[in-house]
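One structure is given below, encoded as structure tokens.
This is how it looks when you write it as structure tokens:
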């Protein structure tokens, strides 16, 4: 979805920047800079410094603005799904409800987690992380080193509906199907099965490097450490197979 969204959005920008400047400015379709975007069900969602904008992509050559919500925080990441958009700022996560047509309902975004770490999502779940070793908000206390697993069907559930995976030093997460990959910093790489959210299982743990970022693509897992890039085959998640390694 992110790759398709990027291609459509790049084409969209190309069309507008190829137009005369006056026409582009008169259109007022985009307020620059846009820090992140996502496309879901024919809607383009943009986060600008002061507002969240929704454009219909029914005609990719002529997007139509269908909704605007003011923002008080700079948004770094957007994950759109049916009924909600999750937005990640530099100090919290926000949920913005959408109606059946994918348009913001007009309700102000609701903050629900303190955290400054990367977020991931799949068709049914959001993933958020907090790290007690990286106190980016100078909170001092009450910080959990945890991966939060949050159902999209209700991203603001009671605390007992949120699944927590305690880890040591979470830096990044990636998801593919029933597998959750966690770059656990000083503790290395961890692979969890989330097929049963009531019984999340640790399948693999590689601890001989400091894992800082993870990315999944076509049955290959790329892990970035402080000094190496490692690529694994995860077709057997209980026994990851190293395919390539590069030092830098």
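Numbering (my numbering), first residue to last: 94 to 341.
We put the CB at the ideal spot given by N, CA and C, even for glycine.
This one's a predicted model, so the numbers in the text were calculated from it and none came from an experiment.
Environment of residue i [buried if 16+ CB atoms lie within 10 Å]
i           : result
residue 254 : exposed
residue 257 : exposed
residue 119 : Residue placement at residue 119 cannot be trusted, given a pLDDT of 42 that sits under 50; what the coordinates show is reported in the next sentence. Its Cβ having fewer than 16 others within 10 Å, residue 119 is exposed.
residue 263 : buried
residue 242 : buried
residue 224 : buried
residue 147 : buried
residue 335 : exposed
residue 268 : buried
residue 180 : buried
Distance CB(residue i)-CB(residue j) smaller than 8 Å
i           : j           : result
residue 140 : residue 168 : yes
residue 304 : residue 266 : no
residue 299 : residue 282 : yes
residue 162 : residue 190 : no
residue 149 : residue 159 : yes
residue 219 : residue 172 : yes
residue 240 : residue 284 : no
Opposing strand residues paired with residue i [DSSP bridges]
i           : result
residue 267 : 274
residue 220 : 213, 242
residue 190 : 177
residue 129 : 140
residue 197 : 191
residue 295 : 285
Delimiting residues of the beta strand (DSSP E) encompassing residue i
i           : result
residue 134 : Premise fails: residue 134 is in no beta strand (DSSP E) and is neither H nor E.
residue 307 : 304-310
residue 283 : 282-286
residue 317 : 313-318
residue 258 : 256-259
residue 300 : First-last for residue 300: undefined, no H or E at that position.
residue 326 : 321-326
residue 338 : 334-340
Inset, instruction - Quick one: which unbroken beta strand (DSSP E) runs of 3-plus residues sit fully inside the stretch 141-184? Chain order, please. - result: 144-149, 157-163, 168-174, 177-182
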